[in-house]
Amino acid sequence: MTRTSFALTASTLMACALATAAAAGDAPVLTGKLCDQTILMDANKMTLYTFDKDETGKSYCYDQCAVNWPPLTAAAGTELPKNYSLIQRDDGTMQVAYKGQPLYLWIKDKQPGEMTGDGVKGVWHTARP
0 MTRTSFALTA
10 STLMACALAT
20 AAAAGDAPVL
30 TGKLCDQTIL
40 MDANKMTLYT
50 FDKDETGKSY
60 CYDQCAVNWP
70 PLTAAAGTEL
80 PKNYSLIQRD
90 DGTMQVAYKG
100 QPLYLWIKDK
110 QPGEMTGDGV
120 KGVWHTARP
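Going by numbering that gives the first Met the number 0, the letters in the sequence shown line up with residues 0 to 128, in that order.
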């Protein structure tokens with residue numbers, strides 16, 4: 000997955016249209032386009048993120064990290080689009096992953112289209128297909 004950071008100001012976000020492509024069934028993930036950037040979002044159109052310290056199929060974000068970066072979870076057996084999977088977290092919950100990379104939300108994003116978590120501490124990145 001290519002990791003590129005970009006910053007969007009609030010006025011830029013307001014000028015951009017958020018377009019999404021429907022996912023299969025009731026899948027908890029969407030692919031969307033914002034200001035010509037393709038990003039991954041949850042079903043509520045909130046930006047999803049990846050964490051550099053994770054490994055393929057394994058999350059290393061727990062405790063306070065998971066409070067700030069809530070993992071995108073789904074019930075075991077949830078039907079997901081191509082390239083998505085479920086990985087089991089240490090607490091037994093199932094987390095959605097894209098190409099094996101666990102996906103997270105960011106507590107400071109308050110509305111669809113916000114990407115304030117991109118680049119946090121140099122290890123968090125907007126998830127992209």
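All C-beta atoms, glycine included, are put in the ideal place defined by N, C-alpha and C. Please read all numbers here as calculations on a predicted model, not as lab measurements.
### Query
Looking at the unbroken alpha helix (DSSP H) that takes in Ala65, where does it start and where does it end?
Gln63 to Asn67
### Message
Using DSSP's beta-bridge definition, name the partner residues of Asp41.
### Response
Val28
#### Entry: Buried versus exposed call for Asp117 [16 or more other C-beta atoms within 10 Å across all chains shown]
buried
### Query
Excluding five sequence neighbours on each side, which residues of the same chain lie with their C-beta closer than 6 Å to the C-beta of Asn43?
none
### Query
Between Met93 and Leu102, which are expected to be in contact by the criterion C-beta below 8 Å, what is the C-beta distance as a whole number of angstroms?
Actually they are not in contact, since the Cβ atoms of Met93 and Leu102 sit about 12 Å apart, beyond 8 Å.
### Query
According to the Cβ coordinates, are Thr46 and Asp108 closer than 7 Å?
yes
### Contacting residues, own chain, Cβ-Cβ under 8 Å from Val122 (five flanking each side not counted)
Phe50, Asp51 and Lys52
### Message
To test your reading of the DSSP string, which unbroken alpha helix (DSSP H) runs of 4 or more residues are found completely within the segment 92–122?
### Response
none
### Message
For Asp41 and Val28, I'd like the C-alpha separation in whole angstroms.
### Response
4 Å
### Task
Please report how far the alpha carbon of Gln87 lies from the alpha carbon of Gln100, in whole angstroms.
12 Å
### Task
Check the C-beta distance from Leu39 over to Ala126 and give it rounded, since I have them as a contact under 8 Å.
4 Å
### Task
Going by DSSP, name the residue or residues bridged to Ser58.
DSSP lists no partner for Ser58.
### Query
If we call anything under 7 Å between Cβ atoms a contact, is Leu104 one with Pro69?
yes
### Query
Exposed or buried, which one is Tyr59 when buried takes at least 16 other CB atoms within 10 Å?
exposed
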